[in-house]
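Participant: In this note's numbering, the protein residues as written are 138 to 251.
Structure in structure tokens, see below.
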């Protein structure tokens, strides 16, 4: 007997829309803006981490303790002339990285509900 002997294919799984979060993270629905914001936030966080680890490594080589404190407190006494400017930049990067982490978390929550 010739002909189609297979069971009829169940198309219900293909017809059901995928979850919104999966679509957002796959870039199907969220659009480019969310992905760009997330990428930029991750880059800022990585920049802060690399800069602070670099300063900590430099302090360790000189035998100085490196404790991240608020701006205005003497952090590293023997770093030379560039220390205040560099520490101000580090504190600014710290605040920007915190804001970037909050934006990254908010954009992920936003992507879940698209």
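We put the CB at the ideal spot given by N, CA and C, even for glycine.
What does a CB cutoff of less than 6 Å around residue 234 pick up in its chain, not counting 5 residues either side in sequence?
Facilitator: Counting from 1 along the chain shown, the entry for residue 234 is found at position 97. Here the set comprises 181, 182 and 185.
Participant: Assign residue 250 to one of three DSSP states: helix, strand, or coil.
Facilitator: Position 113 of the chain shown holds residue 250. Residue state, collapsed to three classes: coil.
Participant: Any idea what DSSP makes of residue 200, helix, strand or coil?
Facilitator: The residue given as residue 200 occupies position 63 in the chain shown. Reduced to three states, the DSSP call for residue 200 is coil.
Participant: Confirm, please, whether the CB-CB distance from residue 170 to residue 241 is below 8 Å.
Facilitator: One-based indexing of the chain shown puts residue 241 at position 104. One-based indexing of the chain shown puts residue 170 at position 33. It is not a contact, given that the beta carbons lie outside the stated cut-off.
Participant: Can you have a look at residue 187 and say buried or exposed, based on whether 16 or more other CB atoms are within 10 angstroms of its CB?
Facilitator: Here residue 187 refers to the residue found at position 50 of the chain shown. With fewer than 16 other Cβ atoms within 10 Å, it is exposed.
Participant: Quick check on residue 244: buried or exposed, where buried means 16 or more other Cβ atoms within 10 Å of its Cβ?
Facilitator: In the chain shown, counting from the first residue as 1, residue 244 sits at position 107. By the neighbour-count rule (16 or more Cβ atoms within 10 Å), residue 244 is buried.
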